[in-house]
Amino acid sequence: MSKAGLKIIVCIKQVPAVQDIKIDPITHTLIRESMPSMLNPWDEIGVEEGIRLREKYGGEVTVITMGPMQAKEAILRCLAMGADRGIIISDKALAGSDTIATAYALYMQIKKMEYDLIICGKISTDSETGHIGPHLAELLNIPQICYVKKVDLDIEKRRIIAHKEADGGIEIVEAPLPALMTTTIGLNEPRLPTLKGIISSKRKEVKVVTAKDLGGSLSNYGLRGSPTFVDEVFEPPSRKPEMIFQGDPKEAVEKIVQVLLNKKLISSRS
Amino acid sequence: MLERSEEIPNHKGIWVFTEQIDGKLKNVGLELLGAGRKIADKLGEELVAVLLGHDVNGLVKDLGAYGADKVILVEHELLKQFTVDAYTKVLAELSIKHKPSVFFIGGTLNGRELAPRLAARLNTGITSDCVDFDINSDGHLIHVKPFGKLMAKIICKTRPQMATAKPNVFKKLEPNWDRRAKIVREEVKINPEDIRTKILGRVEANKNPYGSIEDADVIVAVGKGLCSKENLKLIQELADLLGASVACTRPTVDRGWLPSSQQVGQSGKTVSPKLYIAIGISGAMYHTVGMKNSDIIIAINKDPKAPIFQIATYGVVGDLFKILPLLIDRLKKEVKEVKLRITAKDTQKRIN
Chain A
583 MSKAGLKIIV CIKQVPAVQD IKIDPITHTL IRESMPSMLN PWDEIGVEEG
633 IRLREKYGGE VTVITMGPMQ AKEAILRCLA MGADRGIIIS DKALAGSDTI
683 ATAYALYMQI KKMEYDLIIC GKISTDSETG HIGPHLAELL NIPQICYVKK
733 VDLDIEKRRI IAHKEADGGI EIVEAPLPAL MTTTIGLNEP RLPTLKGIIS
783 SKRKEVKVVT AKDLGGSLSN YGLRGSPTFV DEVFEPPSRK PEMIFQGDPK
833 EAVEKIVQVL LNKKLISSRS
Chain B
399 MLERSEEIPN HKGIWVFTEQ IDGKLKNVGL ELLGAGRKIA DKLGEELVAV
449 LLGHDVNGLV KDLGAYGADK VILVEHELLK QFTVDAYTKV LAELSIKHKP
499 SVFFIGGTLN GRELAPRLAA RLNTGITSDC VDFDINSDGH LIHVKPFGKL
549 MAKIICKTRP QMATAKPNVF KKLEPNWDRR AKIVREEVKI NPEDIRTKIL
599 GRVEANKNPY GSIEDADVIV AVGKGLCSKE NLKLIQELAD LLGASVACTR
649 PTVDRGWLPS SQQVGQSGKT VSPKLYIAIG ISGAMYHTVG MKNSDIIIAI
699 NKDPKAPIFQ IATYGVVGDL FKILPLLIDR LKKEVKEVKL RITAKDTQKR
749 IN
């Protein structure tokens, strides 16, 4: 940890605010431009936790995203909450990235930076893979702790101690810093930006990074750098109902009970 | 970083990571053996279960019975408990040595932490939450997964082609106890320093008052048609009468009516009970993708155009606040001592 205190990086994503997402008919990827959008809720929890740790131990919170320039709105919201600065990786060459190519771009940027702790959301509400955190931890060769419900740092020993969700309970784990953690619902209640926060966010730095700035071969980025691609999209098949009843509630109840009896899901009194 | 492997013909074998916890196999691994069997037969390749742990060789016969041709077994004291560091290390070394073409990992909490880390180490593609698999004319695996309101077919250009699936999506094969899998024991060096994220202890989860939904035989599920948290009483009463667990949609979790442990759908759990009663649920794809494999679906909704009626086995168009009280009264008369005839394992676990 440098004299300036903790260096925390929070990876965030702007996601569609509506469920009715649009898909590009040619590239089969999400159309992100001109859609009502919001900060991914799990990432918002990550920003809140980053700010809380900085408030406790001192330091700096940097938020970083990759996406179209529209995603700057999401960065500004994090700055208004209290993050110190933002980075947006934005370039047409990055379009169509799968999770491996996205994590690679984040890695190329983050490896140039100083960090003690990286925070990612458990998943994003649009693609819901939960891949980015573990991908990024692996590329940076640092330990990971997923699904964190409670976290603290041991500054002296440079360690992170966390309660994480595990199958059948909660695990208490620790890892040396630098480390990467992913958030889960319940870790905290994110604060709302204050008017003062919104005003001061306008003065904070938001750096724009292009694919060229990231460095390396352009063939590692975007659709070309992605091992996976969407080959086809199709309508899911629907299943035909055996009965739809519309009418008197009493009759409806009788129909339901008959189904339950016929299928032996309840046993009759008689 | 490892060179990407695009030399497709050099990769052979359908691998399934068959996770065990405390010497018990997770169901999702056996389900993926079922899915993998189909793919292995189509390609004429071997279906391999990969089993990691300590003193777990007793599980090999189960893996054979559920379809594996071969079991790669790695036993080590440091593999007794799952750690992402040790498990990634071992699976990466095995994969580099044996070059499988496909690698399935069950979407348990551990699996979801392990699979993407392993994919990055192997520098290969990974597709999450697959609901179906097939092989295309070029011999690539087709990964089918939900994509917005549609379904997508995803192709992976590198090897191994990695994929995860949630529990209860694929079906286990009927076990054939005469089937024996060949055992291949592998030695992998693991040192305590390899494990950076260390487990200090465990806290057991509190008993879930709504019942666990993953293994429930009967589920009563609610959506935002319930209007308010207070109305959950009706749902709980119905669930108690049926010995059911209570599930819900994402909007109800967002409103704080029920905890996320009960959420069914794309960002929640996948279930396939004998009976799923969907109450006040419109039936967005995000929800139905997690319950459409239920044996019987009964839907109650006031909107006759609600998409839930397209997948319901039995649909009732009407006001749930009129129907539920009548149904509860009728069931009280009908049901003997709140007894379910089917053996719902889950019923015993419930606290009311």
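For the protein sequence lines, the chains are A and B, in the order given. Quick note: the first sequence uses the numbering used here, first residue 583, plus one each step. Quick note: the second sequence uses the numbering used here, first residue 399, plus one each step. Even glycine gets a Cβ: it sits at the ideal position worked out from N, Cα and C.
For Y485(B), the enclosing alpha helix (DSSP H) starts and ends at 482 to 496. In the DSSP assignment, A614(B) falls outside any alpha helix (DSSP H) and carries neither an H nor an E. The Cβ atoms of L847(A) and K672(B) sit closer than 8 Å to each other. For M825(A), the three-state secondary structure derived from DSSP is strand. Using a Cβ distance threshold of 8 Å, P565(B) and T668(B) count as a contacting pair. 8 Å or more divides the Cβ of P725(A) from the Cβ of R510(B). Pairing P544(B) with V687(B) gives a Cβ-Cβ distance under 8 Å. If the five residues before and after T766(A) are omitted, its C-beta is found closer than 7 Å to the C-beta atoms of K704, Y729, V730, K731, E747, all from its own chain and listed in chain order.
Annotation: Cβ neighbours of L673(B) in chain A (cutoff 7 Å, chain order): L847.
Here the stretch 733 to 752 of chain A makes no contact with the stretch 664 to 682 of chain A; the two share fewer than three CB pairs at distances below 8 Å. For W624(A), the enclosing alpha helix (DSSP H) begins and ends at 623 to 639. Take the alpha-carbon of I553(B) and the one of L539(B): they are about 6 Å apart.
Straight across, the Cα-Cα distance linking I605(A) with M617(A) is about 11 Å. Taking the Cα positions, C528(B) is about 14 Å away from V815(A). Contacts with chain B (Cβ-Cβ distance below 7 Å) from the stretch 754 to 779 of chain A involve I754, V755, E756, A757, P758, I767, listed in chain order.
Neighbourhood of L640(B) in chain A, by CB distance below 9 Å: L842, L847, I848, in chain order. A straight line joining the alpha-carbon of M549(B) with that of G587(A) spans about 47 Å. In this structure, L762(A) sits away from I671(A), with a CB-CB distance that is not shorter than 8 Å.
Counting the other Cβ atoms within 10 Å of the Cβ of N604(B) gives fewer than 16, which makes it exposed. Taking a C-beta distance under 8 Å as the contact criterion, W575(B) and A484(B) do not qualify as a contact pair. Contact between V791(A) and Q691(A) holds, with the beta-carbon distance rounding to 6 Å and staying under 8 Å. When only Cα atoms are considered, I588(B) and L721(A) end up about 20 Å apart. For the pair G829(A) and V839(A), the Cα-to-Cα distance works out to about 16 Å. Fewer than three pairs of CB atoms, one per stretch, sit closer than 8 Å, so the stretch 653 to 660 of chain B makes no contact with the stretch 681 to 696 of chain B. Of the candidates Y712(B), K730(B), M560(B), Q664(B), the residue whose Cα lies closest to the Cα of D638(B) is K730(B). Spanning the alpha carbons of A561(B) and T810(A) requires a straight line of approximately 11 Å.
Closer than 8 Å to the CB of C728(A) there is at least one CB belonging to chain B.
For the 8 Å CB-CB criterion, G713(B) and P623(A) do not form a contact. Using a Cβ-Cβ cut-off of 7 Å, E824(A) is close to T711, Y712 of chain B, given in chain order. A straight-line Cα-Cα distance of about 14 Å links S493(B) and E404(B).
Think of a sphere of 8 Å around the beta carbon of L721(A): the chain B residues whose beta carbon falls inside it are M399, A518, in chain order. In the DSSP assignment, Y674(B) forms a beta bridge with I617(B), I695(B). Bounds of the alpha helix (DSSP H) holding M690(A) are 681 to 692. Check the Cα spacing between V643(A) and each of A757(A), D666(A), S801(A), A662(A): the tightest is with D666(A). Shortest Cα-Cα distance from E417(B) to any of H541(B), L428(B), G411(B), N408(B) involves L428(B). Any Cβ of chain A closer than 8 Å to the Cβ of A447(B) would place that residue at the interface, and such an atom is absent.
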